[in-house]
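For the sequence shown, position 79 (counting from the first letter as 1) is numbered 111 according to my numbering, and the numbering increases by one without interruption. Ideal Cβ placement from N, Cα and C applies to all residues, glycine included.
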Amino acid sequence: MGVRRKFLWRLYFDLVDAPNRRSQPLTFPSFVRHTKQLLSVLIFVASLLYLLGLEETLTVIASLLYCVCFSSFFQAKLIAFLRGKRGKNRSRVVPPLETILTDDEIVASVVSGETPSEELESVTGDCERAVVIRREALRRVTGRGLAGLPLHGFDYASSSGRFCELKVGCLQLPVGVPGPLLLDGSQYYVPMATTEGCLVASVSRGFKAIALSGGATSVIFGDGITRALMARLPSAGRAAELQAFLENPNNLETLTELFNRSSRFARLQTIKCALAGRNLYMRFRCSTEGDVGMNIISEGVKHVLDYLLNNFNDMEAIGTSSNLCSENKPVAVNWIEGRGKSVACEAIIKEEVVEKVLKTNIPALVELNKIKNLVGSAVAGSLGGFNAQASNITSAIFIATGQDPATNVESSQCITMIEALNDGKELHISVTLPSIEVGTIGRGTELAPQAACLDLLGVQGESLESPGANARRLATIVAGAVLAGELSLLSALAAGHLVKSHMKYNRSSNTNIGHQIK
Numbered sequence: 033m034g035v036r037r038k039f040l041w042r043l044y045f046d047l048v049d050a051p052n053r054r055s056q057p058l059t060f061p062s063f064v065r066h067t068k069q070l071l072s073v074l075i076f077v078a079s080l081l082y083l084l085g086l087e088e089t090l091t092v093i094a095s096l097l098y099c100v101c102f103s104s105f106f107q108a109k110l111i112a113f114l115r116g117k118r119g120k121n122r123s124r125v126v127p128p129l130e131t132i133l134t135d136d137e138i139v140a141s142v143v144s145g146e147t148p149s150e151e152l153e154s155v156t157g158d159c160e161r162a163v164v165i166r167r168e169a170l171r172r173v174t175g176r177g178l179a180g181l182p183l184h185g186f187d188y189a190s191s192s193g194r195f196c197e198l199k200v201g202c203l204q205l206p207v208g209v210p211g212p213l214l215l216d217g218s219q220y221y222v223p224m225a226t227t228e229g230c231l232v233a234s235v236s237r238g239f240k241a242i243a244l245s246g247g248a249t250s251v252i253f254g255d256g257i258t259r260a261l262m263a264r265l266p267s268a269g270r271a272a273e274l275q276a277f278l279e280n281p282n283n284l285e286t287l288t289e290l291f292n293r294s295s296r297f298a299r300l301q302t303i304k305c306a307l308a309g310r311n312l313y314m315r316f317r318c319s320t321e322g323d324v325g326m327n328i329i330s331e332g333v334k335h336v337l338d339y340l341l342n343n344f345n346d347m348e349a350i351g352t353s354s355n356l357c358s359e360n361k362p363v364a365v366n367w368i369e370g371r372g373k374s375v376a377c378e379a380i381i382k383e384e385v386v387e388k389v390l391k392t393n394i395p396a397l398v399e400l401n402k403i404k405n406l407v408g409s410a411v412a413g414s415l416g417g418f419n420a421q422a423s424n425i426t427s428a429i430f431i432a433t434g435q436d437p438a439t440n441v442e443s444s445q446c447i448t449m450i451e452a453l454n455d456g457k458e459l460h461i462s463v464t465l466p467s468i469e470v471g472t473i474g475r476g477t478e479l480a481p482q483a484a485c486l487d488l489l490g491v492q493g494e495s496l497e498s499p500g501a502n503a504r505r506l507a508t509i510v511a512g513a514v515l516a517g518e519l520s521l522l523s524a525l526a527a528g529h530l531v532k533s534h535m536k537y538n539r540s541s542n543t544n545i546g547h548q549i550k
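Encoded structure:
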């Protein structure tokens, strides 16, 4: 870096506090405003002289303009003003040395270990520049580049310090929008982010069959997120005493008041305990309105824990998450008691729709669901997996709408039921998902693309009329999409069309793609 460039960088950071340079607009003092007025007059006079053909006088005017605009006195006055404006009422910000280094010099320091990769945002003062430097450092260390990974198109500054660390780029996923889903009297076009061919088309066919039969209906029969802390006591008897205290209805009011202090959104519902020797597991369940609420409930549990430690001084707190919650794991407690939103969705499909749209018949669907989804899953020892492809649908909608993809594990626990009605003239199909964990505020829902997908569904942000209504509506939309996906996939299996369609639409057109990646 040249001397002149270094000087300009030093001067810039002397004058401007980089993190806040846009927060306080500058106002110029009177001498600058007077200079501006003088320049306007001189330019007017110069223009008039030029029109009169007095070029010699114009030369004098031009020299005067140069002196006024570029004199050292004028620049010194301006710099002194800017320094005073930025330095008023706060200490002068001195930038780190790395801010004036070239990208190549910073890359070398990252490769050598002198500059930690996780500190690049603060070192460079530019989030996207940090991504570029980190990518180049990675290329030099591994010998492999990330040319195919997009760099631009993501707002790194707004996501700094959250969502993801050590960023090196952003991924692109195709988003399909099947629809309309006719659910509870409203129509929805459902965004799905996936790389599996035929999935969106299959769901769209299910939507069509449901709509032609009058639509689907849904019901939420549970709504509460859970967190389970764990504690150890001197004996099993003492652990049982604590369990009795927590599950005593007379103590619930006090514990609820303590818990609800953590947030104006969190409201404690129940506390259930499980005892294992002298270890006690306490499962708290609360409502969190539009947020999934894991951080909210964890804070509430901490308030109760502090209270218990004061009243049970022989209790040893082991942790605020004991796997009885249970998050990101296929467990029976979520399948039986529910977690997040517990939703059932159903529809009655007409016989002619089954034959013309789904290309199969009602007896075949009833038999296939029993043998595959019920008996087959039981033989496999499935836990909440009594369905054909619920996970496919939930994961695609979760990614598109900014949900936590890991919670797809419990959110896709589902049982699909199919039976014939009215002497085989109608088909009743239902899906029951006891633990759909979705939110419309917080986490990835704040990213612009995901927020746009939520807005398409009409559930972006918190509902002003009824807090939590948007999150509940999103849960029912997920269940409605699962219903359509189950109906269409089972029909394809019953008709023998599944393999044929996947071989036609879901195969890579480039057989050498693996060699290209290598």
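Check your understanding: What residues are listed by DSSP as bridge partners for Ala364?
Key -> None, per the DSSP bridge assignment.
Point to revise | Classification of Gln482 by the beta-carbon crowding that lies within 10 angstroms, buried from 16 upward | key: Per the 10 Å Cβ criterion, buried.
Point to revise | Three-state secondary structure (DSSP) of Phe297 | key: coil
Check your understanding: Taking the C-alpha atoms as reference points, what is the distance between Asn345 and Lys334?
Key -> 16 angstroms
Review point. Apart from the five residues just before and just after Thr392, which ones in its own chain have a Cβ nearer than 8 angstroms to its Cβ?
Key: Here the set comprises Val386, Ser523, Ala526 and Ala527.
Check your understanding: Is the beta carbon of Thr472 less than 8 angstroms from the beta carbon of Val491?
Key -> yes
**Study point:** Gly217 - DSSP class collapsed to helix/strand/coil
**Key:** coil
Review point. Under 8 angstroms between C-beta atoms, does Gln301 make it to chain D?
Key: No chain D is present in this structure, which holds just one protein chain.
Check your understanding: Near Phe430, which residues of its chain fall below 6 angstroms by C-beta distance, leaving aside the five closest residues on each side in sequence?
Key -> So the qualifying residues of the chain are Pro437 and Asn440.
Point to revise | Alpha carbon of Leu278 to alpha carbon of Leu290, nearest angstrom | key: 13 angstroms
**Study point:** Alpha-carbon spacing of Glu153 relative to Cys159, whole angstroms
**Key:** Taking the straight line joining both Cα atoms gives about 5 angstroms.
Review point. Which word fits Gln445, buried or exposed, when buried means at least 16 other C-beta atoms lie within 10 angstroms of its C-beta?
Key: buried
Check your understanding: Mapping DSSP to helix, strand and coil, what is Ser250?
Key -> strand
Check your understanding: Do Glu348 and Ser294 have their C-beta atoms within less than 8 angstroms of each other?
Key -> no
Review point. What first and last residue would you give for the beta strand (DSSP E) that runs through Ser462?
Key: For Ser462, the uninterrupted beta strand (DSSP E) segment begins and ends at Glu458 to Ile468.
Exercise for review: Report, in whole angstroms, the separation of the C-beta atoms of Gly201 and Leu183, which I expect to be a contact under 8 angstroms.
Suggested key: 5 angstroms
Check your understanding: Looking at Arg259 and Lys373, is the spacing between their C-beta atoms short of 8 angstroms?
Key -> Cβ atoms of Lys373 and Arg259: not closer than 8 angstroms.
Point to revise | Runs of alpha helix (DSSP H) lying entirely within the region 139 to 204, each at least 4 residues, in chain order | key: 152 to 156 and 159 to 174
Practice item. Excluding the 5 residues preceding and the 5 following Pro395 in the sequence, name in chain order all residues of the same chain whose CB lies nearer than 8 angstroms to its CB. Key: Taking C-beta separations shorter than 8 angstroms and ignoring five residues to either side along the sequence, the partners of Pro395 in its chain run Ala452 and Gly456, following chain order.
Review point. Which partner residues does Ala582 have in the DSSP bridge list?
Key: No information on residue 582 is available, as it lies outside the stretch 33 to 550 that the chain covers here.
Practice item. Go through its chain and collect everything with a Cβ distance to Val143's Cβ below 8 angstroms, but skip five positions before and after it. Key: Ala169, Arg172 and Val173
Point to revise | Local conformation of Ser55 per DSSP, three classes | key: Its pLDDT being 39, under 50, Ser55 is placed unreliably in this model, and the value from its coordinates should be taken loosely. Ser55 falls in the coil class under three-state DSSP.
**Study point:** Cα-Cα separation, Ala516 to Thr320
**Key:** If I take the Cα positions, the gap works out to 29 angstroms.
Review point. Do Leu261 and Ser32 come within 8 angstroms of each other at the CB atom, strictly closer than that value?
Key: Any answer about residue 32 is impossible in this case: the structure gives the chain only from 33 up to 550.
Exercise for review: Look at the Cβ atom of Leu459, then the Cβ atom of Leu400, and state whether they are nearer than 8 angstroms.
Suggested key: no
**Study point:** Three-state secondary structure (DSSP) of Lys391
**Key:** Lys391: coil per DSSP, three-state reduction.
Check your understanding: Looking at the unbroken beta strand (DSSP E) that takes in Met326, where does it start and where does it end?
Key -> Careful: Met326 lies outside any beta strand (DSSP E), inside the alpha helix (DSSP H) at Met326 to Asn343.
Review point. If you drop the 5 nearest sequence neighbours on each side, which residues of the same chain put their C-beta closer than 6 angstroms to that of Lys304?
Key: Arg315
Point to revise | Beta-ladder partner(s) of Val375, from DSSP | key: Val375 is bridged to Ile252 and Leu465.
Exercise for review: Please state whether DSSP places Val207 in a helix, a strand or coil.
Suggested key: strand
Exercise for review: Check whether the region 223 to 242 touches the region 195 to 213, counting contact only when three or more Cβ pairs, one atom from each stretch, lie closer than 8 angstroms.
Suggested key: Output reads yes: the region 195 to 213 touches the region 223 to 242.
Practice item. State the CB to CB distance for the pair Ala376 and Phe253, rounded to an integer number of angstroms; the pair is presumed to be in contact (CB under 8 angstroms). Key: 7 angstroms
Exercise for review: Answer with buried or exposed for Asn343, where buried requires no fewer than 16 other C-beta atoms within 10 angstroms of its C-beta.
Suggested key: exposed
Check your understanding: How many angstroms separate the CA atom of Thr286 from the CA atom of Leu337?
Key -> Their backbone Cα atoms lie some 13 angstroms apart in a straight line.
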